[in-house]
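Written below as C-alpha cells is the structure these notes are about.
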Amino acid sequence: MRAVVCGAGIAGLTLAWHLERAGWDVELVERAGSFRDDGYMIDFYGPGAEVAARMGLSERLRELRYEVNELGYVDGDGRTTSRLTLPPGAYGVTSLLRGDLARAVADRVRSPVRYGLTVDAVEQGSGGVRVLLSDGTWRDADLLVGADGVHSRVRELVFGPRERFVRYLGHHVAAYSLDDEELSRRVGVRYRMLTVPGMMAGAYALRGGRLAMLFLHREPDPAWPAAPAAALRERYGHLGWILPRVLPHCPDPPELYYDQVSQVEMDAWSRGRVVLLGDACQAVSLFAGHGASLAMAAARVLAEELTGGGPDVPGGGLLADVPAASARYEARMRGPVARVQRFGRRFVKWMAPPSRGRIAARDWLLRLAALPGAGRLLAGRLGPGGHELFSASPRAPGSWPER
Ligand SMILES: Cc1cc2nc3c(=O)[nH]c(=O)nc-3n(C[C@H](O)[C@H](O)[C@H](O)COP(=O)(O)OP(=O)(O)OC[C@H]3O[C@@H](n4cnc5c(N)ncnc54)[C@H](O)[C@@H]3O)c2cc1C
C-alpha cells in the first residue's frame, strides 16, 4: 500500500511512523523548505502522551521537557499580581516545545520528506488516487492524507474553500524565541504573563540562555497585518515589563509564528481515498491546549483502522479498504475532538480577558486553584478534563478513543 502524506507536522509524522511499520510505502510532502522546529511551549498529556509512550518516545520526551514550577501574572512594572505554584510533574503534564516534540517523532521516521513542495491537484479513480505535486510530478497512491494544518491545501482542493470549515475565534497569536541570557535567568522556570484587557504577553525561559515569547490579542479582523513584527511592536511596545527589551528582536515570518486563532469543523473528514488528519480537520485552537495530543491520537487511530493493527502493534493489514477505515477513524475521533473544541470555546474569555473585571476574576480563580484540591475541582468545572492553568488528568479529555 502506498500513501502520500501532505504536511510533515506532528500529525503527518506520527502517521508516517505507524504506516511504515505496517509495511506501507509512505512519502511526505512538506511546504516548508526544511524541517520546522519553531513553535511555542505546549502542555502535552492525555491520549497523545499515551501514543508517544507506545512509540517508545517517553524517555526522549523526559530529556526534552521543561520543568514549569509556577504560573504567574505580572503588571507593567514586572510585579507579580497572582500566581499558582505547581508541584513537580504537576497533574501529569509535560511541558515541551512544539518543535522538540516534532523533532523527536521525525527522528524515528524513515520515510522520505520532500521539502519545499505542496499538492497542486488531486484525481480520484476507482483503484486509487493521483496526486500532482508542485514540482510537476505525479504520484499514484492508495491514500492521500491532508495533514497540512488549519489552512490545509488538500482540504481546499478536495472539500472546498476554507471559509466553509474554519471558525475564527476572534484572536491573533504570535510566538518567537530570542537569545537573552540575563532575561532568561530572570524569568526562570516560571511561566510569566502580562494581561491588559484583550491582550496577553507570556514569557518562559528556554535552555541555552533563550527566552520564548507568546502573544495573544483580540482582533475582530481575521486577516494578518501586512507586517506582523511591526504590528506586534506597535501593539505591545508600550505595555512595560520586559516587552520594550524583547520586541526589537521580534523577527518576521517564517521565524515569527503568526496566525489567527481558529477551530476547524467539518461534516466529513474523508472523501474516497483522501483523508484529513490533525488540525486540517479537527483543530481545537490554543484555547483548548490539546491540539498536539489530539493530532497524535488521531494519527494512531487512523493507522490502526488502515492496517487492522491492534492497540500495540499497528500492522498486518496491507489491504486496507480506505473509505471504510476512514469512516471508522472518524467515528472514533469525533467525540473526543468535539468535547475539546467545546472546552476551547468556553476558555476564550480567560486567556486574554476582555475587561478589567474579568482579569480580576481570573486572578481570583488562580488564587482559588492554589488551595489544596481546588485545581482538580476547577478542572472538572471548567474543562473536559482540564486546562494547563488548572489541572490535567493524563487520561481525562476523551481518554483513549477505543474501538
Ligand atoms: C500558540 C499555540 C499554542 C498551542 N498550545 C498547545 C498546547 O499547549 N498543547 C497542545 O497539545 N497543543 C497546542 N497547540 C496546538 C498544536 O500545536 C497543534 O494542534 C498541533 O501541532 C497540530 O499538528 P498538525 O500536524 O495537525 O498541524 P501543524 O502543526 O500545523 O503541521 C502542518 C504541517 O503541514 C505543513 N503545511 C502547511 N501547508 C502545507 C501545504 N500547502 N503543503 C504542504 N505542507 C503544508 C506545515 O508547514 C506543517 O509542517 C497550540 C497551538 C498554538 C498555535
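Using the numbering used here, the first residue of the sequence shown is number 1120, and each one after it goes up by one. The beta-carbon is built from N, C-alpha and C at its ideal position, and this holds for glycine as well. What you are looking at is a predicted structure, and each value in this text was computed from that prediction instead of being measured.
- Cβ-Cβ separation between glycine 1195 and glycine 1317: approximately 15 Å, too far for a contact (criterion under 8 Å).
- Under the three-state reduction of DSSP, threonine 1237 is assigned to coil, being neither helix nor strand.
- The closest heavy atom of ligand 1 lies 7 Å or more from the beta carbon of cysteine 1369.
- By the neighbour-count criterion, in which 16 or more other beta carbons inside 10 Å mark a residue as buried, arginine 1283 falls on the exposed side.
- Bounds of the alpha helix (DSSP H) holding glutamate 1275 are 1272-1277.
- Residue state for glycine 1165 is assigned as coil, using DSSP reduced to three classes.
- Look at leucine 1138 here: in three-state DSSP terms it is helix.
- With respect to valine 1383, valine 1292 sits apart: the two C-beta atoms are not nearer than 8 Å.
- The C-alpha of phenylalanine 1278 lies about 30 Å from the C-alpha of alanine 1171.
- The residue among Gly1218, Gly1244, Arg1155, Ser1201 with its C-alpha nearest the C-alpha of leucine 1313 is Ser1201.
- Within the same chain, Cβ atoms closer than 7 Å to the Cβ of leucine 1362 are found at Ala1320, Tyr1355, Gly1356, the five residues on either side in sequence being excluded.
- The count of Cβ pairs closer than 8 Å, one atom from the segment 1295-1315 and one from the segment 1386-1396, stays below three, leaving the stretches out of contact.
- A residue is called buried when at least 16 other Cβ atoms come within 10 angstroms of its Cβ; alanine 1324 meets this threshold and is buried.
- Nearest C-alpha to valine 1269 among Cys1369, Pro1472, Leu1405: Leu1405.
- Within the segment 1281-1319, the complete beta strand (DSSP E) runs of at least 3 residues fall at 1285-1298, 1309-1315.
- Taking serine 1381 as the centre and dropping the five residues before and after it, the same chain places the C-beta of Val1269, Val1285, Arg1286, Tyr1287, Leu1288, Ala1402, Ser1404 closer than 7 Å to its C-beta, in chain order.
- Checking the 7 Å criterion, the Cβ of histidine 1290 is out of range of every heavy atom belonging to ligand 1.
- By the Cβ-count criterion, threonine 1204 is exposed, with fewer than 16 other Cβ atoms from all chains shown falling within 10 Å of its own Cβ.
- Not a single heavy atom of ligand 1 lies less than 7 Å from the C-beta of valine 1193.
- Distance between arginine 1311 and serine 1214, taken at the CA atoms: about 14 Å.
- Short note on tyrosine 1159: C-beta closer than 7 Å to some heavy atom of ligand 1.
- From the listed residues Gly1158, Asn1188, Asp1219, the smallest Cα separation to leucine 1180 is found for Asp1219.
- Here the alpha carbons of alanine 1345 and serine 1177 stand approximately 41 Å from one another.
- If you check the C-beta of arginine 1217 against ligand 1, you find a heavy atom less than 7 Å away.
- Proximity of the beta carbon of alanine 1331 to ligand 1 is not indicated: no heavy atom of the ligand is located closer than 7 Å.
- Phenylalanine 1462 has no beta-bridge partner at all, per DSSP.
- Sixteen is the threshold: when 16 or more other Cβ atoms of the shown chains lie within 10 Å of the Cβ of alanine 1414, as they do, the residue is buried.
- Note on glycine 1463: 16 or more other CB atoms within 10 angstroms of its CB, so buried under the neighbour-count rule.
- Listed in chain order, the alpha helix (DSSP H) elements of length 4 or more contained wholly in the segment 1161-1230 are 1166-1173, 1177-1183, 1217-1225.
- Excluding five sequence positions before and after aspartate 1144, the CB atoms of its chain that fall closer than 6 Å to its own CB belong to Arg1121, given in chain order.
- In the DSSP annotation of this structure, the continuous segment of the beta strand (DSSP E) that includes arginine 1249 starts and ends at 1248-1252.
- In this model, arginine 1486 and proline 1347 are separated by some 35 Å (Cα to Cα).
- In the structure shown, glycine 1408 falls within a coil segment according to DSSP collapsed to helix, strand and coil.
- Taking C-alpha positions only, glutamate 1353 is separated from glycine 1408 by approximately 27 Å.
- Boundaries of the beta strand (DSSP E) around tryptophan 1257: 1257-1260.
- Rounded to whole angstroms, the Cβ separation of valine 1232 and valine 1241 is 20 Å, and the two are not in contact under 8 Å.
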